[in-house]
Amino acid sequence: MIRTIAIDGPAASGKTVVGRNLARCLDFWFLDTGVMYRAVTWLALKEGIQPDDAEGLGRLAEAVKVRPLSKDGDSVKIAGRSVGPQLRENQVNQNVSLVSRHSGVRRALVEQQRRYAHEVLQDDQGMEARDSRRGIVMIGRDIGTVVMPDAELKVFLTASARQRAIRRWREMNERGDIVDLESVLAEIEARDAIDSSRDDSPLLPADDAWQLDTSDLAVEEVVEAILRKSEVR
Ligand code: CDP
Numbered sequence: 076m077i078r079t080i081a082i083d084g085p086a087a088s089g090k091t092v093v094g095r096n097l098a099r100c101l102d103f104w105f106l107d108t109g110v111m112y113r114a115v116t117w118l119a120l121k122e123g124i125q126p127d128d129a130e131g132l133g134r135l136a137e138a139v140k141v142r143p144l145s146k147d148g149d150s151v152k153i154a155g156r157s158v159g160p161q162l163r164e165n166q167v168n169q170n171v172s173l174v175s176r177h178s179g180v181r182r183a184l185v186e187q188q189r190r191y192a193h194e195v196l197q198d199d200q201g202m203e204a205r206d207s208r209r210g211i212v213m214i215g216r217d218i219g220t221v222v223m224p225d226a227e228l229k230v231f232l233t234a235s236a237r238q239r240a241i242r243r244w245r246e247m248n249e250r251g252d253i254v255d256l257e258s259v260l261a262e263i264e265a266r267d268a269i270d271s272s273r274d275d276s277p278l279l280p281a282d283d284a285w286q287l288d289t290s291d292l293a294v295e296e297v298v299e300a301i302l303r304k305s306e307v308r
């Protein structure tokens, strides 16, 4: 039985919902690293640190601890505050990729992500008493390449930009955020461009990643496909 699954892919490729459902099916831990970058971005905006201030952002990311709060991973504790829905606000969407470009920010968060995986996986005995979960699903942009290069299963999810925009637009509508599809598409494409072209750990499939185009697949079909793949390993 494998214990480490890395899922990477561009914005709105379905990583979050797929990763969360997969972790539930396998009774694994779940860590959405995107939420950590969003939390640092949220705090930086609050404190007036500009998205191009590499040093200030690096210092901020070094100084704070970002911990997932819920099992679903959609809220975190940062600098003593609990934040959830704020992490999906427009201001954060528009700035998160600019903040995530900086090596100082990445170094600090990657270290926290590795420590989290180590803590939940390493101490089997101690953990067993408190929790039965024996593995972790981690999702992001650089999990298979940088954060967990030894992950036993690496998945890279893709879908056309329009398909991804439609998914995100539906999600936002369901939450009551009324936005037009074209502006969601533009934001996703802008974020993809920054994430793919940055110098430090750009969005890229690991050489040994299994690539899956989810354009025509429902969430359950993607989860099923990954479950099948994880069994043959
Ligand atoms: O949910 P969505 O796909 O829209 O994005 P996310 O996973 O919440 O990530 C938000 C942003 O954080 C990304 O666009 C990246 O700029 C950054 N990020 C990153 O650089 N590295 C990661 N491991 C995860 C997210």
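Sequential numbering from 76 applies to the sequence shown in this note's numbering.
Each residue gets a CB set at the ideal place from its N, CA and C atoms; glycine is no exception.
{"Check": "Tell me whether residue 78, by its Cβ, gets closer than 7 Å to a heavy atom of ligand 1.", "Outcome": "no"}
{"Check": "Three Cβ pairs or more, each shorter than 8 Å: is that satisfied between the stretch 81-90 and the stretch 260-267?", "Outcome": "yes"}
{"Check": "Is the stretch 149-168 touching the stretch 181-199 in the sense that three or more CB pairs, one from each, lie closer than 8 Å?", "Outcome": "no"}
{"Check": "Secondary structure at residue 125, three-state DSSP: helix, strand or coil?", "Outcome": "coil"}
{"Check": "With a threshold of 7 Å, establish whether the CB of residue 252 neighbours any heavy atom of ligand 1.", "Outcome": "no"}
{"Check": "Nearest CA to the CA of residue 295: which residue from 100, 76, 82?", "Outcome": "100"}
{"Check": "Cβ of residue 218 within 7 Å of any heavy atom in ligand 1?", "Outcome": "yes"}
{"Check": "Look up residue 146 in the DSSP assignment and say whether it is helix, strand or coil.", "Outcome": "coil"}
{"Check": "Could you pull out every residue in the same chain whose Cβ sits closer than 8 Å to the Cβ of residue 127, ignoring the five residues on either side in sequence?", "Outcome": "173"}
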